[in-house]
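Novice: Count along the sequence shown starting at 1, add 961, and that's the number in the working numbering. Don't be surprised by glycine CBs; every beta carbon is placed ideally from N, CA and C. Input: one structure, supplied below.
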Amino acid sequence: MSALWTSDEVVRALSPLAMTAPFEANGVTFDSRAVAPGDLFFALPGEAADGHAFVGEALKRGAAAAVVSRDVAGVAGNLVRVPDTMKALVDLARAGRRRSSARIASVTGSVGKTSTKDALRALLSAQAPTSASAASFNNHVGVPISLARLPREARYGVFEIGMNHAGEIEPLARQVEAHVGVITTVGPVHVGHLGSEEAVVDEKACLFAGMAPGAVAVLNRDIRHYERLADHARRFGVSRIVRFGRSEVAEARLVSCTLQDSGSDVVALIHGRRIEYRLGAAGEHWVLNSLAALAVVEALGADVDAAAATLGSVGASPGRGARRRLKLGGGTIELLDESYNANPMSVRAMLAVLARTEPVGKGRRLLAMGDMRELGEAADAYHGGLADAVAASGAAKVFLCGPHMAALWRRLAPEQRGVHRPDSQALAGDVAASLREGDVIAVKGSLGSKMKVVVDAIVAASGGEAGRQNVL
């Protein structure tokens, strides 16, 4: 493959004030710790640190050049001087998008956007060269970095766009200029910042701003906000709307599914054509996300039958539902790792998966959860409102941390109460010490609740991996 960027292309995109020497770059990054030889490093300003402090480290790691906005003392290497490094990154992203002939999809939603993006990457990569956002690179830095990494040879591109405040999605969507935009669902996520669920809908719908001519919107027909989303899509000039869900009017319609703890067997109608497939991830929410993904595949012009066949190998990623079988004593335990994020919708989905997951022998279902963040004044009510779903999950013991989880703690049945601690660090030891052979333990919480600490404690208390299932 050709170089991702030549210095001539960078000069045309950035109009730099100065450049030390010509170069070719094979990657783009802003994290000096992640620099690979041949990367173009952007020294971005940040709240915690200024990227200019790490230019020397980036060059030592083999960066082809560093984009800077000021002198960096004591650094010898190739520098590209610009007035504003963040603007320069956006300029390079726009240049990457302009030169690309790839068919582009953008993805957002209150729940499932990263999983759907990862599924689309797997489905499309099996058919043609595909570029997609890494991890959750979905903000004002992650989106332009992802666009700047779009290879000129790519046939497909998949870009995740996120937000937690009003006004964040539209400028990112206008950078991406997608041919197809999908909103997985909308619910009470970030309402603490936006004020209402309707305001979240309005912000999510800005995904359709600046889309390419003939754009397609893929929308969840089953949610109560469908009409509001569809109206926004039309207002932004989207010419075609494809609906997915259980609704009889959906173009990507779920006919039936058999849910299991290791995946699902699905029967769907995609534009009237019956498709049967195996899905490698557990949960009805994954089934609906798979319908959205197939609708996007069709709208992009890729092979839907081939994509459906690929879904059997698509599973949850670490922190987002990955399942790990770990050794403990003379047996095993199963860990359901959803430690990366949480909101009322995703917690209920996870609890439904836990309810279908059978312990081994005399094992139990266990649950460890941290606070759901950004829920505003209704946070305690949202946490306490999970009591019915927790009871239905069959969890024998529940371990909670964080001030808002106290509202759920008070509503648990006495026999379900494990412990409630102020934070994940205090909770981790209690969870690890409680484990027995045959147990299934589910871990869930918002990123700010740091529930990966609990996951790490469980892994440390085990005897190591006994097998990994359903991991992308």
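Can you tell me which of Ala-1166, Leu-1272, Ile-1419 and Gln-1221 puts its alpha carbon nearest to the alpha carbon of Ala-1393?
Specialist: Ile-1419
Novice: Whole angstroms is fine: what's the gap from Val-1432's alpha carbon to Gly-1399's?
Specialist: Note that Val-1432 scores 43 on pLDDT, short of 50, meaning its location in the model is unreliable; the coordinates nonetheless yield the value given after this. If I take the Cα positions, the gap works out to 21 Å.
Novice: Just checking, does the region 1284-1299 make contact with the region 1381-1395 on the three C-beta pairs under 8 Å criterion?
Specialist: no
Novice: In whole angstroms, give me the CA-to-CA distance for Gly-1390 and Gly-1128.
Specialist: Computed Cα separation, rounded: 41 Å.
Novice: Write down every uninterrupted run of the alpha helix (DSSP H) in the region 1086-1150 whose length is 4 residues or greater and which is fully enclosed by it, in chain order.
Specialist: 1103-1109 and 1130-1137
Novice: Would the region 1265-1281 count as touching the region 1200-1212 if we require 3 or more Cβ pairs under 8 Å?
Specialist: no
Novice: Among Leu-1373, Cys-1362, Met-1124 and Val-1051, which has the Cα closest to the Cα of Ser-1410?
Specialist: Out of Leu-1373, Cys-1362, Met-1124 and Val-1051, the CA that lies nearest to the CA of Ser-1410 is found in Cys-1362.
Novice: Ignore the nearest five residues each way along the sequence and tell me which others in Phe-1003's own chain have a CB closer than 6 Å to its CB.
Specialist: Excluding residues within five positions, the ones whose Cβ falls inside 6 Å are Phe-991, Val-1028, Thr-1046 and Leu-1050.
Novice: Measuring straight from C-alpha to C-alpha, what distance separates Ser-1030 and Leu-978?
Specialist: 9 Å
Novice: Would you kindly work out how many angstroms separate the C-alpha atoms of Leu-1180 and Arg-1082, rounded to a whole number?
Specialist: 19 Å
Novice: Evaluate the contact criterion for the region 1143-1150 versus the region 1348-1360: three or more CB pairs, one atom per stretch, below 8 Å.
Specialist: no
Novice: Let me know if Ala-997 comes out buried or exposed under the rule of 16 or more other beta-carbons within 10 Å of its beta-carbon.
Specialist: exposed
Novice: Can you find at least 3 beta carbon pairs, one from the region 1082-1097 and one from the region 1134-1146, that sit closer than 8 Å?
Specialist: No, because fewer than three Cβ pairs between the region 1082-1097 and the region 1134-1146 fall closer than 8 Å, the two stretches do not touch.
Novice: Measuring CA to CA, which of Gly-1023, Ala-995, Ala-1014 and Ser-993 is closest to Phe-984?
Specialist: Gly-1023
Novice: Nearest to Arg-1213 by CA position, among Ile-1184, Trp-1247 and Val-1257, is which residue?
Specialist: The residue you asked about is not Arg; residue 1213 is Ala in the sequence shown. Nearest of Ile-1184, Trp-1247 and Val-1257 to Ala-1213, Cα basis: Val-1257.
Novice: Quick check: the Cα distance between Val-1227 and Arg-1195, rounded to an integer number of angstroms?
Specialist: Spanning the alpha carbons of Val-1227 and Arg-1195 requires a straight line of approximately 31 Å.
Novice: Should His-1246 go down as buried or exposed, given a rule of 16 or more other Cβ atoms within 10 Å for buried?
Specialist: buried
Novice: Hey, Thr-1318 and Lys-1165: beta-carbon distance below 8 Å or not?
Specialist: no
Novice: Take Ser-993 and list the residues in its own chain whose beta-carbon comes closer than 6 Å to its own, dropping the five residues that flank it on each side.
Specialist: Phe-1015, Glu-1018 and Ala-1019
Novice: Does the region 1166-1174 touch the region 1183-1194, meaning 3 or more C-beta pairs lie closer than 8 Å?
Specialist: yes
Novice: What number of angstroms, rounded off, separates the C-alpha of Ala-1374 from the C-alpha of Gly-1123?
Specialist: 37 Å
Novice: List the residues that DSSP assigns as beta-bridge partners of Thr-1293.
Specialist: Lys-1288
Novice: Using a threshold of 8 Å, state whether the C-beta atoms of Ala-1269 and Leu-1252 are closer than that.
Specialist: no
Novice: My output table needs one value for Val-1415: the three-state DSSP class, helix, strand or coil.
Specialist: helix
Novice: If we ignore side chains and look at the alpha-carbon of each, how far apart do Ser-1407 and Asn-1304 end up?
Specialist: 7 Å
Novice: In this structure, does DSSP put Gly-1070 in helix, strand or coil?
Specialist: coil
Novice: Less than 6 Å between C-beta atoms, sequence neighbours within five positions excluded: which residues of the same chain meet that for Ala-1310?
Specialist: Shown here for Ala-1310: same chain residues with a beta carbon closer than 6 Å to its own, the five before and five after excluded, namely Gly-1244 and His-1246 in chain order.
Novice: Ala-1313 by DSSP, collapsed to three states: which one?
Specialist: helix
Novice: When DSSP labels each residue in this structure, what does Lys-1323 get in the three-state scheme?
Specialist: coil
Novice: Whose CA, out of Val-1248, Val-989 and Leu-1220, lies closest to the CA of Leu-928?
Specialist: Nothing can be reported for residue 928, as the shown portion of the chain is limited to 962 through 1433.
Novice: Between Gly-1073 and Val-1321, what straight-line distance do the alpha-carbon atoms span, to the nearest angstrom?
Specialist: 29 Å
Novice: To the nearest angstrom, how far is it from the Cα of Ala-1211 to the Cα of Pro-1006?
Specialist: 45 Å
Novice: Let's see if you can read the secondary structure: which residues bound the beta strand (DSSP E) around Arg-1059?
Specialist: Element bounds for Arg-1059: not the beta strand (DSSP E) but the alpha helix (DSSP H), 1046-1060.
Novice: May I ask you to report which of helix, strand or coil DSSP gives Leu-1433?
Specialist: Per-residue confidence for Leu-1433 stands at a pLDDT of 46, beneath the threshold of 50, marking its modelled position as unreliable; the derived number appears in the next sentence. Reduced to three states, the DSSP call for Leu-1433 is coil.
Novice: Would the beta-carbon of Met-1330 fall within 8 Å of that of Met-1366?
Specialist: yes
Novice: On the three-state DSSP scale, how would you describe Ser-1225?
Specialist: strand
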